[in-house]
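Below is one structure, written out as structure tokens, with a few remarks after it.
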Amino acid sequence: MTCHNLFRLILIAMIALPAFAGVTVNNPTNGATVSSPANYTASATSTCSRGVASMGVYVDNKLEYVVNGNTLNTNMTMGQGGHHTVVEEWDHCGGATYTPVDVTVAAKTGVYVTAPGAGTVSSPVNYVATSSTATCSQGVASMGVYVNNNLTFVSQGASLNTNLTLSPGSYHTVVEEWDYCGGAAYTPVDITVSGGGGGGQQFTNLQASGGWVAYGEYPPSYNICTQCGGGVTWSINQHQKSPSLSGNSTQYAIGGSHPYADVLFTNSLIGTNSSQGMPDQDHKIIPNLHSFTYDVYFYGNNLALSQVLEFDINQYFDGMGFVYGHQCEIAGGHEWDIWDNVNGHWVHTGIPCNPVSGQWNHLTINAQRTANNELYYQSITLNGTTYNVNQTYPHYNSGNWYGLGVNFQMDGNSSQTAYSTFVDQFSLTYQ
Numbered sequence: 000m001t002c003h004n005l006f007r008l009i010l011i012a013m014i015a016l017p018a019f020a021g022v023t024v025n026n027p028t029n030g031a032t033v034s035s036p037a038n039y040t041a042s043a044t045s046t047c048s049r050g051v052a053s054m055g056v057y058v059d060n061k062l063e064y065v066v067n068g069n070t071l072n073t074n075m076t077m078g079q080g081g082h083h084t085v086v087e088e089w090d091h092c093g094g095a096t097y098t099p100v101d102v103t104v105a106a107k108t109g110v111y112v113t114a115p116g117a118g119t120v121s122s123p124v125n126y127v128a129t130s131s132t133a134t135c136s137q138g139v140a141s142m143g144v145y146v147n148n149n150l151t152f153v154s155q156g157a158s159l160n161t162n163l164t165l166s167p168g169s170y171h172t173v174v175e176e177w178d179y180c181g182g183a184a185y186t187p188v189d190i191t192v193s194g195g196g197g198g199g200q201q202f203t204n205l206q207a208s209g210g211w212v213a214y215g216e217y218p219p220s221y222n223i224c225t226q227c228g229g230g231v232t233w234s235i236n237q238h239q240k241s242p243s244l245s246g247n248s249t250q251y252a253i254g255g256s257h258p259y260a261d262v263l264f265t266n267s268l269i270g271t272n273s274s275q276g277m278p279d280q281d282h283k284i285i286p287n288l289h290s291f292t293y294d295v296y297f298y299g300n301n302l303a304l305s306q307v308l309e310f311d312i313n314q315y316f317d318g319m320g321f322v323y324g325h326q327c328e329i330a331g332g333h334e335w336d337i338w339d340n341v342n343g344h345w346v347h348t349g350i351p352c353n354p355v356s357g358q359w360n361h362l363t364i365n366a367q368r369t370a371n372n373e374l375y376y377q378s379i380t381l382n383g384t385t386y387n388v389n390q391t392y393p394h395y396n397s398g399n400w401y402g403l404g405v406n407f408q409m410d411g412n413s414s415q416t417a418y419s420t421f422v423d424q425f426s427l428t429y430q
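So the sequence shown is residues 0 to 430, counted in numbering that gives the first Met the number 0.
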């Protein structure tokens, strides 16, 4: 074969070589950690003279996306964790090539609010949300709800479900999560609370109000007494400037000689003996009330001397009694108890109660009367930590008493050691 013929054959062979065929994935790279949705960009070439017909993306062996042409640019939604993905091209001659891309989808940081939706809602407002974090391996520590820049509710963990009693009006609320690494994320929810129902009315600064009455109680029956001798003593000193948050706190004190004697401080707000000028003689208010928030700050120099501190809401009408009783066992065991109205005894909740001496402790209690007239113990928040109680008990038969009121009770210890508690910014919201 002459050199001329050899060169001619080589040239023909070079002309006949097929063009390079394949898929070039620009994003994401193989082995990458991505967030969802993940952006996929790619291009393709083919040995087919008619070119590339279409391209697609497989996720875990399932074709999830197809586009015509030789380029691809799309966002793929994938769940958290590892995924085997493939970007493939199909040409007009029936051929195909592909490039595998293994990716890991990181956990997404954010707060996902199921309820309420933005807009007009009724009170109590149900807040339901979950959260996740991509930056903290230890996860989400707690979640909370801000109402007009005030932290109103906190729960532990990565989910939240609570009802907030809000008066009619517009609110800027925020649901936030805090992780164990110091990070946070939030979602704002702007709402307008309608003016229906009881309207979310509120009594404020109850510690400074008139109408407080005190009774002693002796074990084991704990029947009240007004003239109790020296076995149990008490005092109420209102309008204290120190210690105080508002400059108008009240000092409640207990003493005496009888071990485990108690003092009940009570105030009737609506109905019989109303201290607020609301006798409700036509019985149109109290029977229509279903939701209550007891909110108070309390302070003691040595709270360890207290056997128990008790915080109650009382509702009576139509022969039915609802004592939403909550007691914080201190010397008694550092646990919250709730009151079983029918059986007349305290029930342990397993929720810790550890108020701090020498500082103001903030307590918020949420309770409701259900549609079938049961007591629903909803939540307890102490010093920013919220525990959902979520327990329901029947009411008891109360006779002819009619009213709505609040109690604050101090229980003596085994030595009936005298101690005092200061109370401030005491409010009751009712609807």
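We put the beta carbon where it would ideally sit given N, CA and C, even for glycine.
Looking only at its chain, what residues have a beta carbon closer than 6 Å to the beta carbon of Phe425, apart from the 5 residues adjacent to it on each side?
Leu205, Gln206, Val295
Mapping DSSP to helix, strand and coil, what is Ile379?
strand
Start and end residues, beta strand (DSSP E) containing Val120
118-120
Give every residue of the same chain whose Cβ lies closer than 7 Å to the Cβ of Ser274, excluding the five residues on either side of it in the sequence, and list them in chain order.
Ser208, Gly209, Gly210, Asn266, Ser267, Leu268
For a quick check, are the C-beta atoms of Ala303 and Ala260 less than 8 Å apart?
no
Can you find the residues in the same chain that come closer than 6 Å, C-beta to C-beta, to Thr76, ignoring five residues on each side of it along the sequence?
Ser35, Pro36
Neighbourhood of Tyr395 by C-beta distance below 7 Å, restricted to the same chain and skipping five residues each side:
Gly320, Asn340, Val341
Beta strand (DSSP E) containing Pro258: first to last residue?
Run containing Pro258: none; DSSP gives neither H nor E here.
Using beta-carbon positions only, say whether Leu159 and Val188 come within less than 8 Å of one another.
no
Rounded to whole angstroms, what is the Cα-Cα separation between Asn389 and Gln367?
10 Å
Quick check on the burial criterion: 16 or more other C-beta atoms within 10 angstroms. Buried or exposed for Pro131?
Looking at the sequence shown, residue 131 is not Pro but Ser. When all chains shown are included, Ser131 counts as buried.
Taking the C-alpha atoms as reference points, what is the distance between Asn399 and Gln137?
55 Å
By alpha-carbon positions, which one of Val262, Phe316, Asp279, Val192 ends up nearest to Gln415?
Val262
Considering only their Cβ atoms, is the gap separating Ser154 from Asp423 smaller than 8 Å?
no
Taking Asn371 as the reference, give the member of Pro286, Ser122, Leu308, Asn406 with the closest Cα.
Pro286
On the three-pair Cβ rule with 8 Å, is the region 54-72 touching the region 108-127?
no
Which of the three DSSP states is assigned to Pro351 in this structure?
strand
Apart from the five residues on each side of it in sequence, which residues of its chain come closer than 7 Å, Cβ to Cβ, to Asn300?
Ser356, Gly357
Which stretch, first to last residue, makes up the beta strand (DSSP E) that contains Tyr97?
95-104
Would a C-beta distance cut-off of 8 Å place Ile364 and Tyr293 closer than the cut-off?
yes
Could you have a look at Ile253 and say whether DSSP puts it in helix, strand or coil?
strand
So what does DSSP say about Asn266, is it helix, strand or coil?
strand
Quick check on this structure: which residue in Tyr170, Gly182, Gly270, Gly276 has the alpha carbon closest to the alpha carbon of Ser141?
Gly182
Is Gly504 helix, strand or coil by DSSP?
Since the first residue of the chain shown is 0 and the last is 430, residue 504 is not available in this structure.
Any contact between the region 40-51 and the region 80-96? By contact I mean 3 or more CB pairs, one from each, below 8 Å.
yes
Kindly indicate which three-state DSSP category Gly196 falls into: helix, strand or coil?
In this prediction, Gly196 scores a pLDDT of 40, lower than 50, which makes its location untrustworthy; the coordinate-derived value is nonetheless stated afterwards. Coil.
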